[in-house]
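**Student:** Structure below; questions to follow.
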Amino acid sequence: MTLAERLRPSRLAALVRKELLLIVALASIAGGVLLFLRLADLVVEEETDAFDRAVFLAFRVAGNPAETIGPAWLPAIVRDITALGGVAALTLIVLFTATYLLIVGKRGAAALVLVSVISGTALSQALKWWFDRARPDLVPGIVLPSDASFPSGHAMLSAIAYLTLGALLTRVEPNPRARVFFIATAVAMTVMIGISRVYLGVHWPTDVLAGWALGGAWALLCWIAALWLQRRGAVEGPRG
3 MTLAERLRPS RLAALVRKEL LLIVALASIA GGVLLFLRLA DLVVEEETDA FDRAVFLAFR
63 VAGNPAETIG PAWLPAIVRD ITALGGVAAL TLIVLFTATY LLIVGKRGAA ALVLVSVISG
123 TALSQALKWW FDRARPDLVP GIVLPSDASF PSGHAMLSAI AYLTLGALLT RVEPNPRARV
183 FFIATAVAMT VMIGISRVYL GVHWPTDVLA GWALGGAWAL LCWIAALWLQ RRGAVEGPRG
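Numbering (our numbering), first residue to last: 3 to 242.
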């Protein structure tokens, strides 16, 4: 490509947009990591107790924390939603997606999905072990998961998996509205799963916020890595 072609207004505008997008992504990653670190510091210093309890109990009937707010059918729906962020569901979704990508010859994209989720899972478990925060104890008789509470694994891994898959779908979809739909769906799934953890009484709100912050940053980091590898021919070429 000649210098004149590079400096054409249309191509120059496209390059500027790409650079701005990269700057926004890097800033978002930094913001997510800083938010996680700030939340972690507050949790360790036990400065979030009042906030956590207030938001946690907002999902419970006043004076009876054993009962959730809303109609009788809502808890069953929320349990179904929270299952979409569990290990079993995410494992199946990631494996099916990776298998599809391998079948259509996109080995680099398949590897990206697997590395993103597996590394994110390892990071989540390491952080849980490090902080070792106790699960909420405000609901009498509830059966709590055996692992630590901070950060929320469901919130973090759903952010990593769904946002990564949403970003991959935007790379192969030419319709702008469809691309927006993919990202919006990924964000909606992540938000619903995170809220479901507090509603069911198995996580503090700051656990979920920390999971969202770090999971979103991790997904963006993997997306930037994919673009970097793509430009060097290590993964599939760009759409169109």
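Here a beta-carbon is modelled for each residue, glycine too, at the ideal position from N, C-alpha and C.
Where do the ends of the alpha helix (DSSP H) carrying P73 lie?
**Tutor:** First-last for P73: undefined, no H or E at that position.
**Student:** Within 10 Å of its beta-carbon, does W75 have 16 or more other beta-carbons around it, so buried, or fewer, so exposed?
**Tutor:** W75 is exposed by the Cβ-count criterion.
**Student:** Following the continuous alpha helix (DSSP H) through S126, name the residue where it begins and the one where it ends.
**Tutor:** S126 -> alpha helix (DSSP H) spans R109 to F133.
**Student:** Under 8 Å between the Cβ atoms of L159 and G196?
**Tutor:** Result no, Cβ atoms of L159 and G196 do not sit closer than 8 Å.
**Student:** Report the three-state DSSP secondary structure of V63 (helix, strand or coil).
**Tutor:** V63: strand per DSSP, three-state reduction.
**Student:** Might you give, ordered along the chain, the residues of its own chain that have their beta carbon closer than 7 Å to the beta carbon of I185, omitting 5 neighbours on each side?
**Tutor:** G168 and T172, listed in sequence order.
**Student:** Along the chain, where does the alpha helix (DSSP H) that runs through A155 open and close?
**Tutor:** The residue asked about is misnamed: residue 155 is Gly in this sequence, not Ala. G155 to V174 is the span of the alpha helix (DSSP H), which, as asked, contains G155.
**Student:** Quick check: the Cα distance between S121 and F53, rounded to an integer number of angstroms?
**Tutor:** When rounded, the distance between both Cα atoms is 31 Å.
**Student:** Are S198 and T84 touching if we call contact CB-CB under 8 Å?
**Tutor:** The answer is yes: Cβ separation under 8 Å.
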